[in-house]
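Only one structure is covered here, and it is reproduced in the block below.
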Amino acid sequence: MSELKDAWMALESHWKITPKDARITGDASYGFMRWTLAPLFRMLLRVKIRGIGNVPKSGPTILAANHLSHVDPLVVILASRRRTHYLAKDGHFRNFALRSFMRATGQIETNRETGGAEALSSAAVVLHARRALGIFPEGTRSKRTEAPFLLPGKTGFARLAASYPDVPVVPIGLTGTREFMTPSKHKLPRLWKKVGISYGKPVTWWEWLEKNSSASELQALTDKEDHEVKAALSSMYRQFTDEFMDRIKGQGAP
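Everything in the sequence shown is counted per our numbering, starting at 125 for the first residue and increasing by one.
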């Protein structure tokens, strides 16, 4: 394994994501809401939580779930019992009330026009701070009207996992959140609807790499042209993503 790690680290210039120069806000208010609202949420709402023991209690963690409704981030945040931060598009920060809530809970503003690299750099801030990062590998909320609702995953979260190879990535299956609050239909949540959240066994990039590559294969890349290395890494990111989406599906994601 050490030889494999050395070979991967030799390619660092090709995969490293540098954290954006930014800080995470809202620690005090987030902590207050987490210790007051989260228990109330779990007590009053019809939420079935399974596999919570698979979520590390501390340290950098990626919580990767399917995306069915606008309430999905809130469900993950309140159920996971971790201070979890999501990237949120800048449109959520224009309204004063919503902006205040987003900043109070430590969510990170991103601008889609600046591209994926900027978003990944912002996400790296969370992991660099040893926090939990919430992410939806599909890249957007599924708008499919019939099952299967799960979309193919984007490879951005695989790049994050590769850049932080020690960080556990937890597959999460969400069920019932669309019925709980259907986008463009329900302005208020329907509290009587059942919601499920299931956490699977986490995997790190190192664990995945050990099963899907070898030190010799990675060492051979050091003599390749940049575009060849990029193509090889892109293929690895796609394979990791596809396999991980199967893990999310295995947690009950419809």
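By construction, the Cβ of each residue, glycine as well, lies at the ideal position given by its N, Cα and C atoms.
Original post:
So, are the CB atoms of residue 381 and residue 282 less than 7 Å apart?
Top reply: In the structure displayed, the chain extends from 125 to 378; residue 381 sits before or after that span and is not available.
Subject >> Same chain only: Cβ atoms within 8 Å of residue 238, ignoring 5 sequence neighbours per side >> reply: Counting from 1 along the sequence shown, the entry for residue 238 is found at position 114. Reliability of the predicted coordinates at residue 238 is poor, the pLDDT of 49 falling under 50, and no value is obtained from them.
**OP:** To the nearest angstrom, report how far apart residue 322 and residue 347 are at their CA atoms.
**Re:** Working through the sequence shown from its first residue, we reach residue 322 at position 198. Working through the sequence shown from its first residue, we reach residue 347 at position 223. When rounded, the distance between both Cα atoms is 43 Å.
**OP:** Identify, in the order they occur along the chain, each residue of the same chain with its Cβ nearer than 6 Å to the Cβ of residue 302, setting aside the five sequence neighbours on each side.
**Re:** Position 178 of the sequence shown holds residue 302. 192 and 193, listed in sequence order.
Subject >> Cβ pair residue 240, residue 280 closer than 7 Å >> reply: Taking the sequence shown and counting its residues from 1, the one referred to as residue 240 is at position 116. Taking the sequence shown and counting its residues from 1, the one referred to as residue 280 is at position 156. It is a contact, given that the beta carbons lie within the stated cut-off.
Original post:
What is the rounded straight-line gap between the Cα of residue 252 and the Cα of residue 143?
Top reply: Taking the sequence shown and counting its residues from 1, the one referred to as residue 252 is at position 128. Taking the sequence shown and counting its residues from 1, the one referred to as residue 143 is at position 19. Each residue's alpha carbon lies about 7 Å from the other.
**OP:** Give the DSSP-derived three-state secondary structure of residue 232 in the structure shown.
**Re:** Residue mapping note: residue 232 aligns to position 108 of the sequence shown, counting from 1. In the structure shown, the three-state DSSP call for residue 232 is strand.
Original post:
Distance, Cα to Cα, residue 139 vs residue 284?
Top reply: To locate residue 139, count along the sequence shown from 1; it is residue 15. To locate residue 284, count along the sequence shown from 1; it is residue 160. The straight-line gap from Cα to Cα measures roughly 9 Å.
Original post:
Quick one, which of 207, 345 and 374 has its alpha-carbon nearest residue 65's?
Top reply: It is not possible to answer for residue 65, since the shown part of the chain is limited to 125 through 378.
**OP:** Select from 319, 293 and 352 the residue whose C-alpha is nearest the C-alpha of residue 367.
**Re:** Taking the sequence shown and counting its residues from 1, one reaches residue 367 at position 243. When each option's Cα is compared against that of residue 367, the closest is 293.
Subject >> Length of the line joining the Cα atoms of residue 371 and residue 377 >> reply: The residue labelled residue 371 in the question sits at position 247 within the sequence shown. The residue labelled residue 377 in the question sits at position 253 within the sequence shown. Looking at the two C-alpha atoms, the distance is approximately 9 Å.
**OP:** Name the two residues that bound the continuous beta strand (DSSP E) containing residue 295.
**Re:** The residue labelled residue 295 in the question sits at position 171 within the sequence shown. Judged by DSSP secondary structure, residue 295 falls within the beta strand (DSSP E) whose first and last residues are 293-299.
**OP:** Evaluate contact between the segment 332-343 and the segment 263-274, counting only Cβ atoms and requiring at least three cross-stretch pairs below 8 Å.
**Re:** Contact between the segment 332-343 and the segment 263-274 is absent, because fewer than three Cβ pairs lie under 8 Å.
Original post:
In this structure, what does DSSP give as the bridge partners for residue 209?
Top reply: Position 85 of the sequence shown holds residue 209. Beta-bridge pairing by DSSP links residue 209 to 257.
Subject >> residue 297 vs residue 319 beta-carbon contact at 7 Å >> reply: Locating residue 297 in the sequence shown gives position 173, counting from the first residue. Locating residue 319 in the sequence shown gives position 195, counting from the first residue. Going by C-beta atoms, residue 297 is not nearer than 7 Å to residue 319.
Subject >> Which residues DSSP lists as bridging residue 264, in chain order >> reply: The count along the sequence shown starts at 1 and reaches residue 264 at position 140. Answer by DSSP bridge pairing: none, since residue 264 is not bridged.
Original post:
For residue 250, which of 374, 126, 136 and 148 has the nearest alpha-carbon?
Top reply: Within the sequence shown, residue 250 is the residue found at index 126, counting from 1. Selected option, being the one with the closest Cα: 148.
Subject >> Span separating the alpha-carbon of residue 374 from that of residue 295 >> reply: Working through the sequence shown from its first residue, we reach residue 374 at position 250. Working through the sequence shown from its first residue, we reach residue 295 at position 171. In this structure, the alpha-carbon of residue 374 lies about 9 Å from that of residue 295.
Subject >> Beta-carbon contacts of residue 185 that lie in its chain and below 6 Å, excluding the five residues immediately before and after >> reply: Indexing the sequence shown from 1 puts residue 185 at position 61. Counting only Cβ-Cβ distances below 6 Å, and skipping sequence neighbours, we find 256 and 292.
Original post:
If you check the beta carbons only, do residue 259 and residue 188 fall under 7 Å apart?
Top reply: One-based indexing of the sequence shown puts residue 259 at position 135. One-based indexing of the sequence shown puts residue 188 at position 64. Closer than 7 Å, so yes.
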